[in-house]
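Chemist: Here UniProt numbering is used: position 246 in the sequence shown is 246, and no number is missing along the way.
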Amino acid sequence: MHTLHKHKWPLLFTGVSIILFVLFFLIPAILGLYYSLTDYKGFAEANFIGLANYQELFRDDSFYKALFRTFRYVIILVPSIYVISLAIALLLNSDLAKGRFLAKIIFFLPWTISGIIAGVIWKWLFGENFGFINFLLEQSGQQTIPWFTDSNAAFSVIILAAIWGGTAFNILQFTAALKNIPRSLYEAAEIDGASFWNKLRFITIPMLKPTSFMVILLASIGSMKEFALVQSLTNGGPGTDNMFIVQYIYTTGFDKMRVGYASAASMVLFVILLLLGLVQMKLGGGKNDV
């Protein structure tokens with residue numbers, strides 16, 4: 001009884017976490033797996049059809065198009081966010097930086113804005129007939145750009161908006177990690193005549209390995225699941241040229257009322273995210289020692 005009383009708070013918090021995990025992850029995952037094996041339409045009865053949804057999915061060109069477009073998005077976005085977040089964190093951590101408080105407010109403001117609102121803001125900025133960017137181009141005598149009727153231009157806007165909204169959290173992580181690097185390492189390097197780039201390469205980057213691993217992992221998973229920003233910004237357009245995998249699942253499940261088929265696509269995405277996490281943990285998770 002004494003032992004139970006002693007550990008009641010750890011047991012309480014652990015129990016709450018387990019309940020939340022079961023309610024919001026395990027049960028939905030089991031239901032998703034079950035529905036992926038049925039012809040469920042969101043109403044009426046779900047009839048078991050085995051692997052038919054998966055067989056159709058792997059023959060669906062639209063699925064592969066959305067999946068590879070998502071991979072392209074991740075490959076471009078994650079390195080961009082990593083480099084920009086680290087660069088800004090280094091600037092904010094520099095002793096020579098001025099106005100750091102104001103800069104932090106500017107850089108962290110996008111973190112407080114939801115993906116839907118961010119998409120609306122960027123749509124106003126890059127609107128073809130009413131956008132501020134095209135207005136500036138027109139005033140300077142340049143030709144306006146069809147931002148949302150050209151698939152590559154629309155994709156570029158999505159990347160810019162995602163970088164704008166995705167750097168703040170990573171800047172926070174890098175800033176905290178930089179403060180934990182012993183100053184004595186930099187002082188010793190300065191005595192030896194090391195340049196900024198040598199200190200960055202041989203001290204800063206190695207010491208940031210655990211943080212870098214976490215930033216890349218979370219950014220990769222978050223990018224693979226991108227939905228709100230793209231939905232509000234381009235709605236997957238023009239046409240379906242910028243439809244990502246989560247949008248494909250949403251459209252299939254809710255617009256076409258094929259919940260079973262969409263659940264199969266969700267299970268494939270789950271496996272991809274799981275493999276992505278395992279690969280990144282294998283490559284970087286076990287090498288965090290400096």
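Ideal placement from N, C-alpha and C gives every residue a C-beta, glycine not left out.
Report the partner residues of residue 291 according to the DSSP bridge assignment.
Modeler: Since the displayed the chain opens at 1 and closes at 290, residue 291 lies outside it and no answer follows.
Chemist: How many angstroms separate the CA atom of Asn-288 from the CA atom of Lys-209?
Modeler: Here residue 288 corresponds to residue number 288 of the sequence shown, with the count starting at 1. Here residue 209 corresponds to residue number 209 of the sequence shown, with the count starting at 1. Any reading at Asn-288 must be qualified, since the residue scores a pLDDT of 45, below 50, and its modelled position is unreliable; the value itself is stated next. In a straight line, the C-alpha of Asn-288 is about 6 angstroms away from that of Lys-209.
Chemist: Who are the Cβ neighbours of Trp-164 in its own chain at under 8 angstroms, not counting the five residues just before and after it?
Modeler: As a first step, residue 164 must be located in the sequence shown, where it is residue number 164. Correct list, in chain order: Pro-110, Ala-118, Trp-122.
Chemist: Out of curiosity, what's the CA-to-CA distance linking Leu-91 and Ile-106?
Modeler: Residue mapping note: residue 91 aligns to position 91 of the sequence shown, counting from 1. Residue mapping note: residue 106 aligns to position 106 of the sequence shown, counting from 1. Answer to the nearest angstrom: the Cα atoms are 14 angstroms apart.
Chemist: Look at the alpha carbon of Leu-67 and the alpha carbon of Pro-182, and state the distance between them as a whole number of angstroms.
Modeler: Here residue 67 corresponds to residue number 67 of the sequence shown, with the count starting at 1. Here residue 182 corresponds to residue number 182 of the sequence shown, with the count starting at 1. Roughly 43 angstroms separates the two Cα atoms.
Chemist: Within the same chain, show all residues whose beta-carbon is closer than 6 angstroms to that of Phe-132, passing over the 5 residues directly before and after it, in chain order.
Modeler: Walking along the sequence shown from the start, residue 132 turns up at place 132. Same-chain partners within the cutoff: Leu-125.
Chemist: Would you mind reading off the limits of the alpha helix (DSSP H) that contains Asn-170?
Modeler: Translated into positions along the sequence shown, residue 170 becomes position 170. 151-179 is the span of the alpha helix (DSSP H), which, as asked, contains Asn-170.
Chemist: Go ahead and label Trp-147 buried or exposed: buried means 16 or more other beta carbons lie within 10 angstroms of its beta carbon, across all protein chains shown.
Modeler: Numbered from 1 along the sequence shown, position 147 holds the residue referred to as residue 147. Result: buried.
Chemist: In whole angstroms, what is the alpha-carbon distance linking Ala-89 and Ala-168?
Modeler: The count along the sequence shown starts at 1 and reaches residue 89 at position 89. The count along the sequence shown starts at 1 and reaches residue 168 at position 168. Looking at the two C-alpha atoms, the distance is approximately 10 angstroms.
Chemist: For the 8 angstroms Cβ check, are there 3 or more pairs between the stretch 16-35 and the stretch 236-243?
Modeler: In short, these stretches do not touch, since the Cβ pair count stays below three.
Chemist: Whole angstroms are fine: how far does the CA of Phe-174 sit from the CA of Ile-159?
Modeler: For the purposes of this step, residue 159 is identified with residue 159 of the sequence shown, where counting begins at 1. For the purposes of this step, residue 174 is identified with residue 174 of the sequence shown, where counting begins at 1. Rounded to the nearest angstrom, the two C-alpha atoms are 21 angstroms apart.
Chemist: Find out if the Cβ-Cβ distance for the pair Ser-195, Leu-276 is shorter than 7 angstroms.
Modeler: As a first step, residue 195 is located in the sequence shown; it is residue number 195 there, counting from the start. As a first step, residue 276 is located in the sequence shown; it is residue number 276 there, counting from the start. Contact flag unset, no.
Chemist: Kindly give me the distance between the Cβ atoms of Leu-229 and Gly-115, rounded to whole angstroms, as I take these residues to be in contact under 8 angstroms.
Modeler: As a working note, residue 229 is residue 229 in the sequence shown. As a working note, residue 115 is residue 115 in the sequence shown. The Cβ separation is near 4 angstroms, so the contact holds.
Chemist: Out of curiosity, what's the CA-to-CA distance linking Arg-201 and Thr-251?
Modeler: Here residue 201 corresponds to residue number 201 of the sequence shown, with the count starting at 1. Here residue 251 corresponds to residue number 251 of the sequence shown, with the count starting at 1. Rounded to whole angstroms, Arg-201 to Thr-251 spans 45 angstroms at the Cα level.
Chemist: For a minimum of 4 consecutive residues, which ranges assigned as the alpha helix (DSSP H) are wholly contained in the stretch 179-244?
Modeler: You should have 183-191, 196-199, 209-224, 228-233.
Chemist: Can you tell me which of Phe-270, Leu-283, Leu-217 puts its alpha carbon nearest to the alpha carbon of Leu-26?
Modeler: Taking the first residue of the sequence shown as position 1, residue 26 is located at position 26. Closest by alpha carbon: Phe-270.
Chemist: Mapping the DSSP letters down to three states, classify Asn-128 as helix, strand or coil.
Modeler: Here the question's residue 128 lines up with position 128 in the sequence shown. Residue identity check: residue 128 is Glu in the sequence provided, not Asn. Glu-128 falls in the coil class under three-state DSSP.
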